[in-house]
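Visitor: Below is a structure I'd like to ask you about.
Chains as they are written, first to last, in the numbering used here: chain A, 109 to 1240; chain B, 49 to 606.
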C-alpha cells in the first residue's frame, strides 16, 4: 500500500498507458465520446480574468490564452485606449467579451475563430442579447468566512449558472430586468438573493442544520418527497466507494442497510453473490430486480443450455453485475415492501434495487482522479499434516504404503502456502463532469485489476460511462446514458458440487499429501499426479470475459406546470465468452487427453417506455401520479463447443483445430418479452395524511397462453404525526411518521420453455454409427403462472432533535404463494421434475435503522446502525403434502463420496435447512458399541450415529433437520469520525445464529484412509483409546468418510463479528496550489478483525450461492481475503 | 408546439401499446413434437432415441452394472463404495444408482409411449406403423422386464405424462407387469423384421428373434416367480411358453453358435458375434465425448487389471481400472470336476499378463513363474478387452444381453421344470459341444451331461445354474439367476443357498501365496459374508420415489 502512496504519478502513467495502449480496444472504442465533449466545449469556453491597470492588448492576450479565439483589429483602434481594470470569474467567453467591449466602448463580431473589433457598439455583435445586462460579482463564504470552493450560483428561471472559484469568488451576468440568484453548496442551506443592478455580494451560506425531511426519494418510475413516502425504501449514498476494495454493487450494499443479506459465492475476484431481501421468497430465484437509471436489468434469467462436460464447466457463474462499476453510482434505493415494489409487478417480489449513476452538475469542470492499491492475503490457512505426521497417521491405521511415504520424508509441502499468494491489485478512476447553460455531462472511466489470493486468479475491468443531460427547450429535456465496459476474470477453479479434487484449487491444496513433488525431473509441473495443485493454478485455464454496451435515453416533455410526459428507450447488449481448458493431470483432462470448452453468448434486450407524470396541488391536497406503458424484449444467442484429445496442453483453448475429436456443439436462440401498464397515485392531504395506490398489469411471454398476464396492486397509507399541532409542541420531536402498506408483487423466473413439452436428443449406436434420436425433454406445464408475494409492512420513522437522531422501524410479513417449484415428481412419469406453481413460504421480520449525528463540532461523529431479523419457513408444500420434502442437489457426488442431499425444504422449516444424521460423540469401548445400533460394523473409536427413529439400526430414515442456514439476525454498524483534515470510517458487520456446512472437513476430519491429507486438529485430537476423545474418531483404513453420511459433525456455527472496513483519510492542505482543488489520501483495512467460531477459512461463504435450495455450504470454496488498501483522490 | 408534443406522445404511446401487447416468445433452439415429428422418418428418429436410453450411463453403461453383477461371482474393490452385493452391502434406498436406474427405465417407457402416439398420429403404411409400434413396445417390454426383476411390483404406465397426469401412481401386481411384458414382446414376434431381413442401417435394433428370445426369458422368469411363491400349479403353462418360444428362436435358423467361444469376445469380430447374439446394447468408441456421457462402453476399463496394457483405455498405456474382480472360489470351481480344462474358463478369465514395464503378473491360482513381478489374490474377467479404447469411458465392446447359447439353456431349464432332464439334456449339451470345440483343436472336456450325472430335475437345475455361471459370467445374469432359481430343496432361492449355506462353508478371506505353501488361506473375497435376509431378493424402491409418491411403498425389509 505504501507503493500506492508513493506513486500517484505511476497511477496516472498507467491510466494514460491504458488509454493509449492498442491492446485495450475498449478504450479506443469509447474515445470518440471524449472527442464529442471536446467539440462541445469549443462553444462554451470559460474566461477568468482579474487584471488591474493593464493595456488592452494584454487583456486580449489573456482571452486568447484561455480560449481558441484570436482578436483581429487595427492598431489605431486601440492605441488611444487607456489601461483598464477588468475582472470576470469563470463566465462564458461571449459574456466576457460583451462586458469588455462595453467598457471599451467598442463593438465586435465573431467570425469563425476570430473576434473582429468594430468601431461601434450596439447591434454589430452577431449574438443578440439584452441591451443593458449587468454583471454581479461576489464571494460565497461560510459563517466563519471560509470561502466555499465550487459553490453553485444559478440565475433562477434560466439555464445560466456558474460556480464559485477556489476563493469563493464568482461573477454572473444578469439581464437588464434583473433576476434571482440561487446559491447552493453541498451540506449547506441554499439561499436566494434578488438582484436588479450591478453589485458585489457577500453571500454567507449556513450549514444544513438538519437532515432534510423533504428530500426527494427515487421510487419506481418517478420520485416522491420523503415526507410523502409510504413504502419501505432504504437509501444509500455511494460515498467512499473508491477508498475500499469494493468491486461490485453488492459489496457496496452489504451491511449498510437493513433487510438485505448478502453472501459471497466465493472470495475469488469477480465472483458472484447471493443477495436476499427480507428472506428468501422463492425456491427458484431470490435475486432482486436491478433498475439502473430507469432501465430494468434482470439477473439470472434465460440461462442457456450450453452443454459441456459437467465436471469441467459447472463452476459457479461469475457475477452478472460485475460490469457495473460501483464508483459510477451516485445513490441506491432499495425498495422492500409491496407498496414500492408493486410497480415492478411480476419482477418485484424479490425487492428492487434502483441504481442512479452520477450525473454532471451545473458549474465548472470537475476532474477527479482516484487511485487505489490493495494488498490482499488469505485470512488464515487450515492446519493439515506434514510428512512426518502423515507417516505416523498411515502407520497407525496399518496402511501398506508407509514405505513409500518414508522414502519421501525429506519432502514436506504445505500446499496451501504454495497456492495462496499475497495479491496486489490496482484500481483507477478518472471522472470529468460539469455543466453549464443547457448541458450537463459526466464521464467516468475506470480500470481495475484485482488479483486473487490464489495463484493466477484475477479479475480485470475497464469501462467508461457517459451521462449527458440537455435542455432542448425550456420544456423539453433529454438525457443519454452510455456505459461500455469489458471485464475478464481468470477463475481459480472453484468449489463445485462434485468433490473432485481437480475441480477446486482449494480442495486440491487441502487434500494434496505433503510428500508429493509438484515438479518432475525436468522442472515441469508433474501432470501425472492426480490434481496436482500446480496443474490447477498454472495449467488449467478458465477465463470468463464479458463485454457490455448499455445505453438508454430519456426525453421529458413538461407540458405544463403539472403534467410531463417521459419517454425512456434503451438497449442493453452484453456478450460473454467463457473459455476453459482442462490439461492432463486434472480428472477431465486426463480422461480426454486435454479438454477444451468455449461458450459464447450474446444477450440483447431493448426497452420502450412512456410515462405520464402529474403533480399538482389542490388547496390542501397534493396529487403526484404516474401512468405508463412499458415493453421490453430479450434476444439471446449462444454457441458452445468442446473438443478433446489434444496433442499437447500448450495451446489450450486457443487452438480447437489441434483437437483430434470434437464434442457436441450447442447453439441456441431465444426471444421473450414483457409488456406492462403501470400506474401510481400518491395523494396527500395537508401533508399529513398520505395514500399511495400502485398497480401494474404485466403480460409475460414466458408463461403459458391464458396465464400470461396478471395484475399486481398495492395500497399504502401514512400519517405525518409531527405535522399535527399536538405533536408540534414537543420540541425535541422533529419527525414522527407511521405508515402501513399491503400489496402483491410477483416473480416470473420460469425457465424459458417450461410451459411446453420440448424434445431434445440422445445418441444411440445404430448400425455401428452414432446416431442422434429425439427424446422428450420435459413435461410442459401449460398452467404455469407467477409466484405471488403478498406483503404487509408497518413502519415508523422518528426524528429527534432536528433529526439529529433518526430511527426507522419496519415490521413485515410476506407470504409467497404459488411458488415456482421444480417439483420432484414420480420417476414413473419418465421425468424427475415438473416446473409448477405449488406451495407457500412465509417470511416475517423486523428491521431497525438508527442514525445519529453524535458530534457536530470540530470533531464530528456520525453513527448509524441497522439490525434485521427475518424468519423464513415453508407453510405449504403443495402437492407434496405435509410430509413432502424437496431436497437440495447433492455435494461430493463424484465416486460416491457423499451422494446424498444435505438440504431439505419441508413444512414448517426454513428453505434449504440442513438435513442429515446426528453424531453423538465417539464409541469409547466395546460395550458401548455392542449397545449401539451399529454393533455389527462399528468399533470403539468410531462415530456414534444416533438412531433417531429407534429401530435399532442406522438407515436413511435416521436423518432429520439438523440446522438452519439462515442467521437469527444480521447487523451493520457504521461510525464516521472527522477531525480537522482527518476522517475515520469504521464499519462493523455482524451475523448471528446461522449454520455452515463445512464440507472440507468431510475428508479432512474423518481420519479414514490415506487417499488425501487430513486435518492436523483432527489427527492431534483423535481417539486413541477409551476417554481420549469424544469428538474426533480413531484413524482407520477402511469404512469411508463418515460412513458416507452427512451429519451435524460437519455443521458449524457461522456467526461472526467482523471489522469489515476501517478507512483513515486525510485531506491534504493545498495552500497555494491552484491546479488541485482537493487532494485526499487514505488507507483502508478490510476484514481486519473477525471474531468467529467457524473453523473454515472464512464464515462469509456460500458455495452454491445461486441456488436457494442449497445455502450455507463451504466446499472447496475460494476464501475471502484480508485486504489493506491505500490510495489517493485528487480533484482538479 | 405544446399540442404537437402531447399528441406525438400519445401517438407514440398507442403505437407502443399496439405493437407490444403481443408478448410472443420464440424458442428457436428447442423443438416440440408438433414442429419436428412430421413423417415416418421423424418417428423412426424418435425410436433411435429409445435405444439411446439403454446405452446411457444410468442405462446399461454403468449404474445398473454397479449394482447387479456384484453377486456371488464378482466383486468390486474398495474404490467403488457400493461394494459387493452380499458381502459388504452398502445399498439402501438412498443410493443414487437405484433411482438413476429406476428413472432411466421409466424414461425409456415414457419415450416408448410417446413413439406409439406419434406412430398412431402420423400418416404411414400399416406395416411401417406396426413395425414402429412393435419396436417401441419391445423397448417398453424390456424396461418393465428389468424393473419387475429389480423392484417387484411396479406401476404400469402406457401413456405420456402431462402436467395433469396422476403423479402418484400405484403399483401394479407382479402378475400384471408380466402380462404387460408378454403383450409388449408378443407384438414384435410378427411385426419386427427377422435378423437376416433387417436392413444393415438398422443393425443393433430389435428383431423378431429378440422379441421371441426375450419372451422366452420373461416366461421362464415368471414361471420361476410362480414356483417361488407357491403357485406351482400355474407355472407349467409359462415354462411351456418359455420352451416353445426358445424353440422358435432355435428353429428360425437366424442364429448360430460362434464355433470358437473366444471369437465371441474378440472386439474386432464383434459384428460377426451377432450371428449368435440376439440382442445387445451397442457401443462405439466415441471420440466426441470422453466423460461418462460418451457412447462408448467402459467394461474394459472396469474389468481389466490396472497394470495390463492395451486392455482398458486408461492413460497412456491404455490399462484397465481393475475395479471388478472374480471371487477366488468361483474361478476355482470352473477349473475342476466337470469344468476341468474347460476352454471357456481359459477364455473368460485373466490370470496372467505382462504389465506395462514388461514384467509378468499372475493371480490366484497360478503359481508365479520365476521372475514374476507380483501375484494377486483375485483373477480378472477377460471378456471385454479393447486395445484401441480411446479412454476409460470409450471402448467398442457391446453388451450382449441375450445370446443363442442362453436360449439353449432356457430351453433346457424350462423343459426340465416340466418334464425333468431327459429332453432337456440335448439343448444343454450344445454348449458343452461348443466348449469342446475350443479354438478348433477339439478337447475331451467338458463332457456331455447325461442322465447319470443328473438323474433328477433338481440335479439338472443345479447343473444348469452352474453352466449359466460359467457360460454367462460377467454378462449381467448372475444376480438374476440367484434370485430367480430354486435350490435343490425347491424352497430356497439360489441366493439364499449361496449366501446362507455355501459361502459360509468356505474358508473366509482372500487366498495368499507363499513359496512354501503355495496358494493358501481363504477362497472368498471378504472375510465377512453378510448373512442372508429375504429383503435381498429385491432392491429397495429408491428413496426419491418414495419421497414423491406415498402410494409406492417400500419393499419388505428395506
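Yeah, the Cβ is synthetic: ideal placement off N, Cα and C, and Gly gets one too. The structure presented is a predicted model; accordingly, all values stated were derived computationally and were not measured.
(1) So, is residue 1012 of chain A buried or exposed, given that buried needs 16 or more other C-beta atoms within 10 angstroms?
(2) By a C-beta neighbour count over all protein chains shown, 10 Å radius and 16 as the cutoff for buried, is residue 366 of chain B buried or exposed?
(3) Taking residue 372 of chain B as the reference, which of B/381, B/353, B/363 and B/239 has the closest Cα?
(4) Please classify residue 523 of chain A as buried or exposed, where buried requires at least 16 neighbouring CB atoms within 10 angstroms.
(5) How far does the beta strand (DSSP E) with residue 525 of chain A in it reach, from first residue to last?
(6) Please state whether the Cβ-Cβ distance between residue 892 of chain A and residue 815 of chain A is less than 8 Å.
(7) On the DSSP bridge list, what partners appear for residue 193 of chain B?
(8) So, using beta-carbon positions, are residue 369 of chain B and residue 440 of chain B closer together than 8 Å?
(9) Please go through the same chain and pick out, in chain order, the residues whose beta-carbon is closer than 7 Å to the beta-carbon of residue 238 of chain A, but skip the five residues on each side of it.
(10) By Cβ distance below 6 Å, which residues in the same chain neighbour residue 151 of chain A in space, the five residues on each side in sequence not counted?
(11) Is the beta carbon of residue 926 of chain A closer than 8 Å to that of residue 941 of chain A?
(12) My assumption, with CB atoms under 8 Å, is that residue 578 of chain A sits in contact with residue 546 of chain A. Please give the rounded CB distance.
(13) Put residue 609 of chain A into one of helix, strand or coil per three-state DSSP.
(14) How long is the line joining the alpha carbons of residue 436 of chain B and residue 697 of chain A, rounded to whole angstroms?
(15) For residue 959 of chain A, which beta-bridge partners are listed by DSSP?
(16) For chain A, check one thing: does any of its Cβ atoms lie closer than 8 Å to the Cβ of residue 351 of chain B?
(17) If the cut-off is 8 Å on Cβ atoms, which residues from the region 694-714 of chain A count as contacting chain B, listed in chain order?
(18) Based on the DSSP output, what are the partners of residue 105 of chain B in its beta bridges?
(19) Once you ignore the five residues that flank residue 1239 of chain A on each side, which residues in its own chain have a CB closer than 6 Å to its CB?
(20) What would DSSP say about residue 339 of chain A, mapped onto helix, strand or coil?
(21) Compare the C-beta of residue 770 of chain A with all C-beta atoms of chain D and state if any pair is closer than 8 Å.
(22) Comparing the C-beta of residue 872 of chain A with each C-beta of chain B, is any distance below 8 Å?
(23) Please say whether residue 372 of chain A and residue 1210 of chain A have beta carbons closer to each other than 8 Å?
(24) Buried or exposed, going by whether 16 or more other CB atoms sit within 10 Å of the CB of residue 138 of chain A?
(25) Mind checking whether residue 318 of chain B and residue 875 of chain A have CB atoms under 8 Å apart?
(26) Just checking my contact of residue 187 of chain B with residue 231 of chain B at CB under 8 Å: how many whole Å lie between their CB atoms?
(27) Where does residue 542 of chain B fall in DSSP's three states?
(28) Using a Cβ-Cβ cut-off of less than 9 Å, list which residues of the region 258-289 of chain A approach chain B; keep chain order.
(29) Assuming residue 974 of chain A contacts residue 956 of chain A (C-beta within less than 8 Å), just tell me the rounded distance between them.
(30) Determine, using beta carbons only, whether residue 250 of chain B comes closer than 8 Å to chain A.
(31) Helix, strand or coil for residue 533 of chain B per DSSP?
(32) For chain B, check one thing: does any of its Cβ atoms lie closer than 8 Å to the Cβ of residue 882 of chain A?
(33) Could you give the residue range of the beta strand (DSSP E) that holds residue 679 of chain A?
(34) Which chain A residues are close to residue 142 of chain B, counting only those with a beta carbon under 7 Å from its beta carbon?
(35) With respect to the alpha helix (DSSP H) encompassing residue 321 of chain B, which residues constitute its N-terminal and C-terminal limits?
(36) Give the straight-line distance between the Cα atoms of residue 148 of chain B and residue 993 of chain A, rounded to the nearest whole angstrom.
Guide: This is what the structure holds:
(1) For the purposes of this step, residue 1012 of chain A is identified with residue 904 of the first chain, where counting begins at 1. By the neighbour-count rule (16 or more Cβ atoms within 10 Å), residue 1012 of chain A is buried.
(2) Start at 1 with the first residue of the second chain, and residue 366 of chain B comes out as number 318. When all chains shown are included, residue 366 of chain B counts as buried.
(3) Along the second chain, one-based indexing puts residue 372 of chain B at 324. Closest by alpha carbon: B/353.
(4) One-based indexing of the first chain puts residue 523 of chain A at position 415. Classification of residue 523 of chain A: buried, given that the 10 Å Cβ count is 16 or more.
(5) Here the question's residue 525 of chain A lines up with position 417 in the first chain. Counting along the chain, residue 525 of chain A falls outside any beta strand (DSSP E), though it belongs to the alpha helix (DSSP H) covering 523-527.
(6) Within the first chain, residue 892 of chain A is the residue found at index 784, counting from 1. Within the first chain, residue 815 of chain A is the residue found at index 707, counting from 1. Yes, the pair counts as a contact, with Cβ atoms nearer than the cut-off.
(7) In the second chain, the residue the question calls residue 193 of chain B occupies position 145. According to DSSP, which records beta bridges pairwise, residue 193 of chain B is partnered with nothing at all.
(8) The residue you call residue 369 of chain B lines up with position 321 of the second chain. The residue you call residue 440 of chain B lines up with position 392 of the second chain. Their beta carbons are under 8 Å apart, which means residue 369 of chain B touches residue 440 of chain B by this criterion.
(9) Along the first chain, one-based indexing puts residue 238 of chain A at 130. The pLDDT assigned to residue 238 of chain A is 45, lower than 50, so where the model puts this residue is not dependable; a value taken from the coordinates is nonetheless given after this. Closer than 7 Å at the Cβ level, and outside the excluded window around residue 238 of chain A, lie 283 and 284.
(10) Walking along the first chain from the start, residue 151 of chain A turns up at place 43. Model confidence at residue 151 of chain A stands at a pLDDT of 44, short of 50, so the residue's coordinates are unreliable; what they give is reported in the following sentence. Correct list: empty, nothing qualifies.
(11) What you label residue 941 of chain A is simply residue 833 of the first chain in a count that begins at 1. What you label residue 926 of chain A is simply residue 818 of the first chain in a count that begins at 1. Against a cut-off of 8 Å, the Cβ pair of residue 926 of chain A and residue 941 of chain A comes out as no contact.
(12) Here the question's residue 578 of chain A lines up with position 470 in the first chain. Here the question's residue 546 of chain A lines up with position 438 in the first chain. So it is a contact: roughly 6 Å between Cβ atoms.
(13) Sequence index remark: in the first chain, residue 609 of chain A carries index 501 (1-based). Residue 609 of chain A falls in the helix class under three-state DSSP.
(14) As a working note, residue 436 of chain B is residue 388 in the second chain. As a working note, residue 697 of chain A is residue 589 in the first chain. Using only the alpha carbons, I get a separation of about 19 Å.
(15) As a working note, residue 959 of chain A is residue 851 in the first chain. Partner(s): A/914 and A/972.
(16) As a working note, residue 351 of chain B is residue 303 in the second chain. No, residue 351 of chain B lies away from the interface with chain A (no Cβ there is under 8 Å from its Cβ).
(17) 696, 698, 699, 700, 701 and 703
(18) For the purposes of this step, residue 105 of chain B is taken as residue 57 along the second chain, with counting starting at 1. Beta-bridge pairing links residue 105 of chain B to no other residue.
(19) On the first chain, residue 1239 of chain A is found 1131 positions in, with the first residue counted as 1. Taken in chain order, the residues that qualify are 476, 1185 and 1186.
(20) Here residue 339 of chain A refers to the residue found at position 231 when the first chain is read from its first residue. Residue 339 of chain A: coil per DSSP, three-state reduction.
(21) Within the model displayed, chain D is absent; protein chains A and B are what it includes.
(22) Mapped onto the first chain, residue 872 of chain A falls at position 764. With 8 Å as the cut-off, residue 872 of chain A counts as an interface residue toward chain B.
(23) Counting from one through the first chain, the residue named residue 1210 of chain A turns up at place 1102. Counting from one through the first chain, the residue named residue 372 of chain A turns up at place 264. Against a cut-off of 8 Å, the Cβ pair of residue 372 of chain A and residue 1210 of chain A comes out as a contact.
(24) Residue mapping note: residue 138 of chain A aligns to position 30 of the first chain, counting from 1. Caution is warranted here: a pLDDT of 38 is assigned to residue 138 of chain A, below 50, making its placement in the model unreliable, and the coordinate value is therefore given only provisionally. That one is buried.
(25) Position 270 of the second chain, counting from 1, holds the residue named residue 318 of chain B. Position 767 of the first chain, counting from 1, holds the residue named residue 875 of chain A. No. Outside cutoff.
(26) Here residue 187 of chain B refers to the residue found at position 139 when the second chain is read from its first residue. Here residue 231 of chain B refers to the residue found at position 183 when the second chain is read from its first residue. Actually they are not in contact, since the Cβ atoms of residue 187 of chain B and residue 231 of chain B sit about 14 Å apart, beyond 8 Å.
(27) Here residue 542 of chain B refers to the residue found at position 494 when the second chain is read from its first residue. Helix.
(28) none
(29) Here residue 974 of chain A refers to the residue found at position 866 when the first chain is read from its first residue. Here residue 956 of chain A refers to the residue found at position 848 when the first chain is read from its first residue. That pair is a contact at about 6 Å.
(30) Locating residue 250 of chain B in the second chain gives position 202, where the first residue counts as 1. So yes, residue 250 of chain B belongs to the interface.
(31) Here the question's residue 533 of chain B lines up with position 485 in the second chain. The answer is coil: DSSP assigns residue 533 of chain B none of H, G, I, E or B.
(32) The sequence position of residue 882 of chain A within the first chain is 774, counting from 1. It does: the Cβ of residue 882 of chain A has a partner Cβ on chain B nearer than 8 Å.
(33) Within the first chain, residue 679 of chain A is the residue found at index 571, counting from 1. Run containing residue 679 of chain A: 671-690, per the beta strand (DSSP E) assignment.
(34) Counted from its first residue, the second chain places residue 142 of chain B at position 94. Those within 7 Å of residue 142 of chain B in chain A are 1008 and 1064.
(35) Stepping through the second chain from its first residue, residue 321 of chain B is reached at position 273. First-last of the alpha helix (DSSP H) with residue 321 of chain B: 318-321.
(36) Residue 148 of chain B sits at position 100 when you count from the first residue of the second chain. Residue 993 of chain A sits at position 885 when you count from the first residue of the first chain. About 19 Å.
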